[in-house]
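*Asks:* The structure under discussion is supplied below as structure tokens; questions concerning it will follow.
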Amino acid sequence: MSLYFRRLFNRRPPAGLVEISSNILVFDQCFSTDMLEEDELKPYVGGILKQLLARYSIDSLMVFNFEGGKKNSQTARIFSGYDMSAMGYPRNYEGCPLLTLEMIHHFLRSSESWLSLSQDNFLLIHSEHGGWPVLAFALAALLVYLRRCKDERKALETIHKYAPPGLVELYSPLNPAPSHLRYLKYVSRRHKSPELWPPADRMLNLNCAIIRTVPNFDGQGGCRPIFRIYGPDPLAPNDSSAKVLFSTPKTDDFVQLYTQEDSEIIKINIRCPVRGDIVMECVSVDEDFKHEVMVFRVMFSTAFVEDNLLLLDRDQIDILWDTKHRFPVDFRVEVIFSEIDATTSIHTSEPSSESESNHITDAASEQNGLNNVHDGFDVISMQETEISNGTPEHNIPDSRSVQTSQMEPENIHSSAPEAESVGPTIQDRELSVDAPKFEDDNDAIADTSSSQEAESVGPTSQEDELAENASAGEESEGSTTNSTANSDAQLADPPGSEADAATAEHSDANSESGSPSGSASSSSPKFDEDTEEAGTADAEVQSIELEGS
């Protein structure tokens, strides 16, 4: 019998500690409204630690302290004096007495791992003055996570029984129970799929908030609501600090009076990208925009938003303790989201005009559910889109059309005077003929120029004109020196020479480019006959000049 009472005595926590559940110990000062002075805190904490260390090993204790962001607080220094290090957690997140999902997971996972190592391991939990609301949530979450309490609401009520009535109201101006229950449900989902908890944060676009039935916050059945959104920067995933992501401007263009008689629905356009743990506040301002009164506050995680919609009634929002009567029974808030990803950004930038893009975005945002439209976030500019969607014809330089228009005359003539008149004809065609397309423009232009040089030799077989006007012939020979040289080279070659090859390549280039090839295909045999006639004519001219000399 004595052994039984000894074990029972050893299981009882030392004076000053409360055992919330098996091996979970909390300093009783956390449940009190009294605040210890600095000279009182050290004897209080030190006396409890001496009793605890006299009974248990220091290696069996894991210490948590909800210090509210105070670095090197007095409590932390007291723990370090006993060679004990305490893991610190904040007391609120943007005014809401809650932890972020990442911190909740760290706290729960560390606690579970420590308790599972040995039955003699203990959790020692302390909170600075004013930290009771967040401490109550953390303890309730631990009971749910360890499956020591299956119902979220019951777990929260169990923890609140250890504190005197009104303790939460003392430290929190708003009732945090709705947001606490929301996050406790997040913790409960871990039991359904442990390997997928906690889920990854989703980046969403918070399009708008719709209030159904107007609350009474001006004493006459109306309000002037403005919204503020707090959360981490969605474009900086490594920065978890909360920032003001959106705030309704206090101007007449954005703030107006809504009354229960004239309005049934209030729609506030937000269109703000969000990610992770988000705090959404709605306040009502007076006519001068100087005084504000809190309407409601909501904290949620985008990882658990389903169907891009968050529905909240008046029992699911954090409100002031004495303002529930200001909300109609059928009051409801609808927060509408849409997906944000690379595909959405590209699709919204595809329309050819900016006005069309805005029209599509506005029309889609008015539809039920706001079907996956991204508005105003990382959108590719319309100018860049038009350049990328431009056709190759619009991207061709002007010089290219001039070069390609010189490829081939409409008809190949056999006389030199007609060949000389081809130049002006080509210049006229540059103004009216579009640039043909080639797979290799440089090769086509080179082949064409070589064939033109060969064709410009044009037979000068009119013997009577050459005999009567020898001087004119000399001037013609002077102006076509290069052409005569090319002709001599062509006469020296046997049939199937470079001229034939150039002509064949020229006809092939015309057929590939889609240009009219009838004249080119019919000129090949005629080109051989003209070449022979030109050679005969040159020989006769030389003989006439010799006779004249």
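Just so you know, we're using this note's numbering here: the sequence shown kicks off at 73 and counts up by one.
The C-beta atom is built at its ideal place from N, Cα and C for all residues, glycine as well.
For residue 230, name the three-state secondary structure that DSSP assigns.
*Replies:* Numbered from 1 along the sequence shown, position 158 holds the residue referred to as residue 230. In the structure shown, residue 230 sits in a helix (DSSP, three-state: H, G or I).
*Asks:* For residue 212, is the classification buried or exposed, using 16 other Cβ atoms within 10 angstroms of its Cβ as the cut-off for buried?
*Replies:* The residue given as residue 212 occupies position 140 in the sequence shown. Classification of residue 212: buried, given that the 10 Å Cβ count is 16 or more.
*Asks:* Of the choices 334, 305, 273, 248, whose alpha-carbon is the least far from that of residue 287?
*Replies:* As a position in the sequence shown, residue 287 is number 215, starting the count at 1. Measuring from the Cα of residue 287, the nearest candidate turns out to be 334.
*Asks:* Quick check on residue 176: does DSSP put it in helix, strand or coil?
*Replies:* Residue numbering aside, residue 176 sits at position 104 when the sequence shown is read from its first letter. Residue 176: helix per DSSP, three-state reduction.
*Asks:* Please return the same chain residues whose Cβ sits closer than 6 Å to the Cβ of residue 259, not counting the five positions on each side in sequence.
*Replies:* Here residue 259 refers to the residue found at position 187 when the sequence shown is read from its first residue. Cβ within range, chain order: 213, 216, 217.
*Asks:* Roughly how many angstroms separate the alpha carbons of residue 319 and residue 190, rounded to a whole number?
*Replies:* Counted from its first residue, the sequence shown places residue 319 at position 247. Counted from its first residue, the sequence shown places residue 190 at position 118. Between residue 319 and residue 190, the C-alpha separation is close to 50 Å.
*Asks:* Taking just the CA atoms, how far does residue 328 sit from residue 110?
*Replies:* Stepping through the sequence shown from its first residue, residue 110 is reached at position 38. Stepping through the sequence shown from its first residue, residue 328 is reached at position 256. Spanning the two alpha carbons is a distance of roughly 49 Å.
*Asks:* Between the stretch 284-302 and the stretch 261-268, do three or more beta carbon pairs fall short of 8 Å?
*Replies:* no
*Asks:* With a Cβ-Cβ cutoff of 8 Å, do residue 170 and residue 369 count as a contact?
*Replies:* On the sequence shown, position 98 is the one that residue 170 refers to. On the sequence shown, position 297 is the one that residue 369 refers to. Cβ atoms of residue 170 and residue 369: not closer than 8 Å.
*Asks:* Here's the rule: buried if 16 or more other CB atoms are within 10 angstroms of the residue's CB, otherwise exposed. What is residue 310?
*Replies:* Residue 310 sits at position 238 when you count from the first residue of the sequence shown. Exposed is the call here.
*Asks:* Hey, could you find the ends of the alpha helix (DSSP H) residue 243 is sitting in?
*Replies:* Taking the first residue of the sequence shown as 1, we reach residue 243 at position 171. Where residue 243 is concerned, the enclosing alpha helix (DSSP H) stretches over 239-243.
*Asks:* For the stretch 398-414 against the stretch 234-254, do three or more pairs of beta-carbon atoms, one drawn from each stretch, fall closer than 8 Å, so that the two count as touching?
*Replies:* no
*Asks:* Starting from the C-beta of residue 401, find all residues in its chain whose C-beta is less than 8 Å away, skip the five residues before and the five after it, and write them out in chain order.
*Replies:* As a first step, residue 401 must be located in the sequence shown, where it is residue number 329. 386, listed in sequence order.
*Asks:* Among 92, 155, 198, which one has its Cα closest to the Cα of residue 117?
*Replies:* Residue numbering aside, residue 117 sits at position 45 when the sequence shown is read from its first letter. Selected option, being the one with the closest Cα: 198.
*Asks:* With a threshold of 6 Å on Cβ separation, who are the neighbours of residue 88 within its own chain once the five nearest residues in sequence on each side are excluded?
*Replies:* Counting from 1 along the sequence shown, the entry for residue 88 is found at position 16. So the qualifying residues of the chain are 100, 120.
*Asks:* Taking only the alpha-carbon atoms, compute the straight-line gap between residue 238 and residue 103 and give it to the nearest angstrom.
*Replies:* In the sequence shown, the residue the question calls residue 238 occupies position 166. In the sequence shown, the residue the question calls residue 103 occupies position 31. Those two C-alpha atoms are separated by around 11 Å.
*Asks:* Quick check on the burial criterion: 16 or more other C-beta atoms within 10 angstroms. Buried or exposed for residue 379?
*Replies:* For the purposes of this step, residue 379 is taken as residue 307 along the sequence shown, with counting starting at 1. By the neighbour-count rule (16 or more Cβ atoms within 10 Å), residue 379 is not buried but exposed.
*Asks:* Taking the DSSP output, what are the residues bridged to residue 314?
*Replies:* The count along the sequence shown starts at 1 and reaches residue 314 at position 242. According to DSSP, which records beta bridges pairwise, residue 314 is partnered with 304.
*Asks:* Below 8 Å on the Cβ atoms is my guess for residue 276 versus residue 409; work out the distance and round it to an integer in Å.
*Replies:* The residue labelled residue 276 in the question sits at position 204 within the sequence shown. The residue labelled residue 409 in the question sits at position 337 within the sequence shown. At roughly 4 Å, the Cβ-Cβ gap stays under 8 Å, so residue 276 and residue 409 are in contact.
*Asks:* Quick one: Cα of residue 282 to Cα of residue 219, how far?
*Replies:* Your numbering for residue 282 matches position 210 in the sequence shown. Your numbering for residue 219 matches position 147 in the sequence shown. Taking the straight line joining both Cα atoms gives about 37 Å.
*Asks:* With C-beta atoms as the reference, is residue 291 less than 8 Å away from residue 331?
*Replies:* Residue numbering aside, residue 291 sits at position 219 when the sequence shown is read from its first letter. Residue numbering aside, residue 331 sits at position 259 when the sequence shown is read from its first letter. Contact flag unset, no.
*Asks:* Assign residue 384 to buried or exposed, taking buried as 16 or more other Cβ atoms, counted over all protein chains shown, within 10 Å of its Cβ.
*Replies:* If you number the sequence shown from 1, residue 384 lands on position 312. Buried: at least 16 other Cβ atoms inside 10 Å.
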